[in-house]
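At position 236 of the sequence shown (counting the first as 1) the number is 245 in our numbering, and the numbers step up by one without a gap.
Positions of the beta carbon are idealized from the N, C-alpha and C atoms, including for glycine.
Fair warning: this is a prediction, and the values are worked out from it, not measured in the lab.
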Amino acid sequence: MKIGIREQDRAFGRAFRRQRIPWLRLGLGIMVGLVGVINLVSSDAVFAKVTDPRTMLRVRVNNYTQASPLIVARAEREAGRILGEAGLRMVWLDCPMEHYGGVHVQQNPCLEPLEATDIVLRVLPERAQNKFQDTVFGFAVVPIFASVYYDYALRSAKRDNDEFEVPVILGCVIAHELGHLLLGSNSHSGSGVMQPQWGRKQVQQALTGGLLFTHAQSKRIQAEAEKRTSVQNTRLDEQRIREVRQRDEPERIPQND
Ligand SMILES: [Zn+2]
10 MKIGIREQDR
20 AFGRAFRRQR
30 IPWLRLGLGI
40 MVGLVGVINL
50 VSSDAVFAKV
60 TDPRTMLRVR
70 VNNYTQASPL
80 IVARAEREAG
90 RILGEAGLRM
100 VWLDCPMEHY
110 GGVHVQQNPC
120 LEPLEATDIV
130 LRVLPERAQN
140 KFQDTVFGFA
150 VVPIFASVYY
160 DYALRSAKRD
170 NDEFEVPVIL
180 GCVIAHELGH
190 LLLGSNSHSG
200 SGVMQPQWGR
210 KQVQQALTGG
220 LLFTHAQSKR
230 IQAEAEKRTS
240 VQNTRLDEQR
250 IREVRQRDEP
260 ERIPQND
């Protein structure tokens, strides 16, 4: 059953990319949108019931752009598919802005302490002046902070007369920057999603679902995710031991000489 769900996911992605007939786009957009919404509601529930052998990482997503939640959700889905092909299971946590719709957000799960298996992703409007490299798509601060530029995805899609595909390109950009976090610095390559510059060829690869991590990169990504999981498990074990000790420690009775 676990394989069925994973394969179904991949098969859907491929089928979607191949159906690049203009009159089908609107219908597919609605369908993918609905799947995205359903995915937001049900993916965690489905995965909770299934034992997925892939190592899980969680991404806290802060969207500072005009991109709609649906566009961001579809981008997350594409990035999750690419990282899924590399052997990871991604869980996306959409963080509410501090003031949402003029209302102060009281309970924000993204303000809880970061775990070793957490990554923080910012979706920014456009390229910012900063001291970090990789400013074409975004930038990454190892080990946990990544930023991507929504404007890059918009411009790439417009250049290709393919604005419908903005979320797919944004998803590839997210996978690229998360790749930097997991592969370390100087992790560009001559092929796949870690290429430093994307021309029309790479964008077409992105739109057909073929802009992926190489086999060697996938192995390194899996090893890094397993290392982070191990660190997190150790932290949890230590926390449980502390809790047990505190619970079992006899209550001190004041002594009077
Ligand atoms: Zn890069």
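Taking 8 Å as the cut-off, decide whether the C-beta atoms of residue i and residue j are in contact.
| i | j | result |
| --- | --- | --- |
| S165 | V212 | yes |
| M99 | L66 | yes |
| N72 | V81 | yes |
| Y161 | F146 | yes |
| I230 | L192 | yes |
| Y159 | A76 | yes |
| S227 | A84 | no |
| F222 | V202 | yes |
Could you have a look at residue i and say whether DSSP puts it in helix, strand or coil?
| i | result |
| --- | --- |
| F173 | helix |
| S196 | coil |
| S77 | coil |
| N117 | coil |
| R63 | coil |
| V240 | helix |
| R98 | strand |
| I153 | coil |
| L123 | coil |
| V132 | strand |
| G147 | strand |
So residue i and residue j are in contact, right, with Cβ under 8 Å, and what is the actual spacing, rounded?
| i | j | result |
| --- | --- | --- |
| T64 | L92 | Between L92 and T64 the Cβ distance is about 10 Å, and since that is not below 8 Å, they are no contact. |
| T74 | V150 | So it is not a contact: roughly 19 Å between Cβ atoms. |
| V175 | L163 | 6 Å |
Open item on the list: For the stretch 217-234 against the stretch 242-250, do three or more pairs of beta-carbon atoms, one drawn from each stretch, fall closer than 8 Å, so that the two count as touching?
Closed with: No, they do not touch.
Open item on the list: Tell me whether the stretch 172-184 and the stretch 86-94 touch, counting them as touching only if at least three CB pairs, one residue from each stretch, are closer than 8 Å.
Closed with: Taking 8 Å as the limit for Cβ pairs, the verdict is that the stretch 86-94 does touch the stretch 172-184.
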